[in-house]
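Protein chains in written order, with this note's numbering: chain E, 1 to 465; chain S, 1 to 134.
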């Protein structure tokens, strides 16, 4: 058994471990040590709690950890890196549900947590408990919707209906009223009503958001899961939970901000949803019919690439869908053998979660010092021979700079059109998620390579040999 | 060697760093100001709020330094550590006998365990890929 003071001290150590875990992600060299800090912090936290006088019966706990640990390990070892976004979404939902469970437990057995007795729980704890549970519930259902969209179980298209925002606002107000009533009367019925309303709210909040806004949604849910942990931390007066929740919450918030900036949209705009058509019909652009597109074969592409001095590869979500990262790296290796300088340019919102492309390229053994962010590489396009766009579209659309009427106007884009030649690997002429046509396709220095991204890369490699 | 452009670049970097330091100082000053009240008999809530606000500051400064290339591992590791909520679940599942609270605690322990193991392992897998090639 450890005393209150001693356990608080160990919780502090765990908090510091978590801070160091995040701190070490500032560079790939230190990052792996960071994960060890994170694991150490978690072990300290769990062991300390098990040694407190509150915990006397262990069999159910051991059972839970065994079951959960086995499932978690199995999933984590088997998951493909391309499925990372939906995995993270699923994991967020678990944190949300766990927060709901802990809040429910605290409400039904407050004495265990030292916050009063049933029927006479401290006011402050009631407020914190209900808020923590509400955020947890929103995280839970919201993440499930995000998971279903990313996994393709439901359409990635925004699902909206009239009166949606009014309904959401109404539910939000209702939630606040319920929390006030709950704190005043401490009725169990109100408690469960808060849970129901929050669950519904989570569902309705994420449904109208389109598939391509998922980087923001995942970051946002990441943030929520942190705030939920915080809410529970306040309820239990546990500094470790408060600190960790705040770290995670601010991390998710910053990522959401970065993602929004990458799309030049406000967070409110994203949450209100309804943006994008998910590769649907081309928006009625000016005179689409009379312009011609130059398309080429893998042999043409191989010839152009081989004779280039420098190539910048611009990967996008399409590369992830086609699982083309390995074939792409082979192509790059072949080019490097020919003496071509190959680099990669990553747009902040490429893919379905922050840093998605970097992970996929790393998986394909692309050295991270060949991979650059938008700001680092954008000025190099004019001096580059070939921009090889694979599975990206909207993030290269010059309309974002020139056409104030375009839905993506103002979004920072990769200036691929400044390269001498632009090669576009695409399945068809369909527009990107924003539903805007990309005028780049019709430029003289653009060559379209129609086909599956993976096959195209493999054919180019063959043609070069 | 020292062309004006790179000098200007460096100067801008230095100015940026100075700005960060100023911000850190400000944060520290606020910490000190916020720490005073509990000592003078503040409530538990104010004390917790202090911890919370400071932790948000720490999180803010630490996360902005994370390189964009590692944003996915950042997300999965924060996901794993947010499962520290297991602490609350352990307390709920800890007492003798069977009750609703104990059952809810058990469910929460299981869910959090999935996350802890899953989150850290997937992060490790990702980070293992980020290696410099010869």
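For every residue, glycine included, the Cβ atom is placed at its ideal position computed from N, Cα and C.
Pairwise C-alpha distance: residue 373 of chain E and residue 365 of chain E: Locating residue 365 of chain E in the first chain gives position 365, where the first residue counts as 1. Locating residue 373 of chain E in the first chain gives position 373, where the first residue counts as 1. Rounded to the nearest angstrom, the two C-alpha atoms are 18 angstroms apart.
Contact list for residue 115 of chain S against chain E, beta-carbon separation under 7 angstroms: Counted from its first residue, the second chain places residue 115 of chain S at position 115. Result: 72, 91, 94 and 95.
Can you give me the C-alpha to C-alpha distance between residue 353 of chain E and residue 186 of chain E, rounded to a whole angstrom? As a first step, residue 353 of chain E is located in the first chain; it is residue number 353 there, counting from the start. As a first step, residue 186 of chain E is located in the first chain; it is residue number 186 there, counting from the start. Straight across, the Cα-Cα distance linking residue 353 of chain E with residue 186 of chain E is about 40 angstroms.
Taking residue 35 of chain E and residue 77 of chain S to be in contact with their CB atoms under 8 angstroms, please state how far apart those CB atoms are, rounded to whole angstroms. Taking the first chain and counting its residues from 1, the one referred to as residue 35 of chain E is at position 35. Taking the second chain and counting its residues from 1, the one referred to as residue 77 of chain S is at position 77. About 6 angstroms separates the two Cβ atoms, so the contact holds.
Would you say residue 178 of chain S reaches chain E, if we count a Cβ-Cβ gap shorter than 9 angstroms as a contact? Nothing can be reported for residue 178 of chain S, as the shown portion of chain S is limited to 1 through 134.
Could you tell me which chain S residues have their CB closer than 8 angstroms to the CB of residue 348 of chain E, listed as they occur along the chain? Numbered from 1 along the first chain, position 348 holds the residue referred to as residue 348 of chain E. Residues of chain S with a Cβ closer than 8 angstroms to the Cβ of residue 348 of chain E are, in chain order, 68.
Would you kindly report the start and end of the unbroken alpha helix (DSSP H) that includes residue 455 of chain E? Taking the first residue of the first chain as position 1, residue 455 of chain E is located at position 455. For residue 455 of chain E, the enclosing alpha helix (DSSP H) covers residues 453-464.
Express the C-alpha separation of residue 336 of chain E and residue 330 of chain E in angstroms, rounding to a whole number. Within the first chain, the letter at position 330 stands for residue 330 of chain E. Within the first chain, the letter at position 336 stands for residue 336 of chain E. Near 10 angstroms, if we compare the C-alpha coordinates of residue 336 of chain E and residue 330 of chain E.
If you measure from the beta carbon of residue 125 of chain S to each beta carbon in chain E, is any gap under 9 angstroms? Mapped onto the second chain, residue 125 of chain S falls at position 125. True, the Cβ-Cβ gap to chain E drops below 9 angstroms.
Minimum Cβ-Cβ distance from residue 17 of chain S to chain E less than 9 angstroms: Numbered from 1 along the second chain, position 17 holds the residue referred to as residue 17 of chain S. No, its Cβ sits nowhere closer than 9 angstroms to a Cβ of chain E.
Could you round the C-beta distance between residue 112 of chain E and residue 101 of chain S to whole angstroms and report it? I think they count as a contact, below 8 angstroms. On the first chain, position 112 is the one that residue 112 of chain E refers to. On the second chain, position 101 is the one that residue 101 of chain S refers to. The C-beta distance from residue 112 of chain E to residue 101 of chain S rounds to 6 angstroms, short enough to meet the 8 angstroms contact threshold.
Just the C-alpha distance for residue 12 of chain S and residue 62 of chain S, rounded to the nearest angstrom, thanks. Working through the second chain from its first residue, we reach residue 12 of chain S at position 12. Working through the second chain from its first residue, we reach residue 62 of chain S at position 62. Distance between the alpha carbons of residue 12 of chain S and residue 62 of chain S is about 21 angstroms.
Looking at residue 229 of chain E and residue 84 of chain S, is the spacing between their C-beta atoms short of 9 angstroms? Stepping through the second chain from its first residue, residue 84 of chain S is reached at position 84. Stepping through the first chain from its first residue, residue 229 of chain E is reached at position 229. The Cβ atoms of residue 84 of chain S and residue 229 of chain E sit closer than 9 angstroms to each other.
Where are the beta strand (DSSP E) runs, 3 residues long or more, that stay fully inside the segment 372-456 of chain E, in chain order? 386-390, 421-426 and 446-450, all fully within the segment 372-456 of chain E.
Give the residues of chain S in contact with residue 28 of chain E, contact being defined as C-beta atoms less than 8 angstroms apart. Translated into positions along the first chain, residue 28 of chain E becomes position 28. Within chain S, the residues 67, 69, 70, 127, 130, 131 and 132 have their CB atoms less than 8 angstroms from the CB of residue 28 of chain E, given in chain order.
Run the CB neighbour count on residue 29 of chain E, radius 10 Å, all protein chains shown included, and call it buried at 16 or more, exposed below. Within the first chain, residue 29 of chain E is the residue found at index 29, counting from 1. That one is exposed.
Looking at residue 128 of chain E: is its Cβ nearer than 9 angstroms to the Cβ of residue 232 of chain E? Taking the first residue of the first chain as 1, we reach residue 128 of chain E at position 128. Taking the first residue of the first chain as 1, we reach residue 232 of chain E at position 232. Against a cut-off of 9 angstroms, the Cβ pair of residue 232 of chain E and residue 128 of chain E comes out as a contact.
Buried/exposed call for residue 11 of chain E, threshold 16 Cβ in 10 Å: Residue numbering aside, residue 11 of chain E sits at position 11 when the first chain is read from its first letter. Answer is buried; the Cβ neighbour count reaches 16.
In chain S, which residues lie less than 7 angstroms from residue 244 of chain E when you measure between Cβ atoms? Numbered from its first residue, the first chain carries residue 244 of chain E at position 244. Listed by position along chain S, the residues whose Cβ is nearer than 7 angstroms to that of residue 244 of chain E are 81, 82 and 84.
Could you tell me which chain E residues have their CB closer than 8 angstroms to the CB of residue 48 of chain S, listed as they occur along the chain? Residue numbering aside, residue 48 of chain S sits at position 48 when the second chain is read from its first letter. By Cβ distance, chain E contributes 233, 234, 237, 239 and 242.
Applying a beta-carbon distance threshold of less than 9 angstroms, which residues of chain S neighbour residue 443 of chain E? Indexing the first chain from 1 puts residue 443 of chain E at position 443. The contact set of residue 443 of chain E on chain S, defined by CB atoms closer than 9 angstroms, is empty, because the minimum CB distance reaches about 29 angstroms.
Please identify, using Cβ separations under 9 angstroms, the residues of the segment 75-88 of chain E that lie next to chain S, in order along the chain. Listed by position along the chain: 75, 76, 77, 79, 81, 84, 85, 87 and 88.
Residue 112 of chain S: contacting residues in chain E (beta-carbon distance under 8 angstroms): Here the question's residue 112 of chain S lines up with position 112 in the second chain. 68, 94, 95 and 98, listed in chain order.
Less than 9 angstroms between the C-beta atoms of residue 461 of chain E and residue 327 of chain E, yes or no? In the first chain, counting from the first residue as 1, residue 461 of chain E sits at position 461. In the first chain, counting from the first residue as 1, residue 327 of chain E sits at position 327. It is a contact, given that the beta carbons lie within the stated cut-off.
Measuring straight from C-alpha to C-alpha, what distance separates residue 130 of chain E and residue 184 of chain E? If you number the first chain from 1, residue 130 of chain E lands on position 130. If you number the first chain from 1, residue 184 of chain E lands on position 184. Their backbone Cα atoms lie some 12 angstroms apart in a straight line.
Shortest alpha-carbon distance to residue 20 of chain E belongs to which of S:16, S:17 and S:81? By one-based count along the first chain, residue 20 of chain E stands at place 20. Considering only alpha carbons, the answer is S:81.
Residues bridged to residue 337 of chain E by DSSP? Working through the first chain from its first residue, we reach residue 337 of chain E at position 337. According to DSSP, residue 337 of chain E bridges with nothing at all.
Taking 9 angstroms as the threshold (beta carbon to beta carbon), is residue 136 of chain S in contact with chain E? Absent from the model: residue 136 of chain S. The displayed extent of chain S is 1 to 134, so no value can be given.
Which two residues bound the contiguous alpha helix (DSSP H) that contains residue 215 of chain E? Numbered from 1 along the first chain, position 215 holds the residue referred to as residue 215 of chain E. Where residue 215 of chain E is concerned, the enclosing alpha helix (DSSP H) stretches over 214-236.
Partner residues on chain S for residue 226 of chain E, Cβ-Cβ distance less than 8 angstroms: Reading the first chain from its first residue, position 226 is the one you call residue 226 of chain E. Here the neighbours are 78 and 82.
Could I get the ranges of all uninterrupted beta strand (DSSP E) runs contained in the segment 26-109 of chain E, with 3 residues as the minimum, in chain order? If one requires a minimum length of 3 residues, no beta strand (DSSP E) run lies completely within the segment 26-109 of chain E.
Have a look at residue 178 of chain E and residue 136 of chain E and give me their C-alpha separation to the nearest angstrom. Residue numbering aside, residue 178 of chain E sits at position 178 when the first chain is read from its first letter. Residue numbering aside, residue 136 of chain E sits at position 136 when the first chain is read from its first letter. Straight-line Cα distance between these residues: approximately 16 angstroms.
Spell out whether any CB of chain S is found under 9 angstroms from the CB atom of residue 356 of chain E. Counting from one through the first chain, the residue named residue 356 of chain E turns up at place 356. Yes, contact with chain S.
Taking three-plus beta-carbon pairs below 8 angstroms as touching, is the segment 234-242 of chain E in contact with the segment 158-178 of chain E? The segment 234-242 of chain E makes no contact with the segment 158-178 of chain E; the number of CB pairs closer than 8 angstroms stays below 3.
For the segment 118-138 of chain E, enumerate the residues whose C-beta is nearer than 9 angstroms to any C-beta of chain S, in chain order. Flagged, chain order: 124, 128 and 136.
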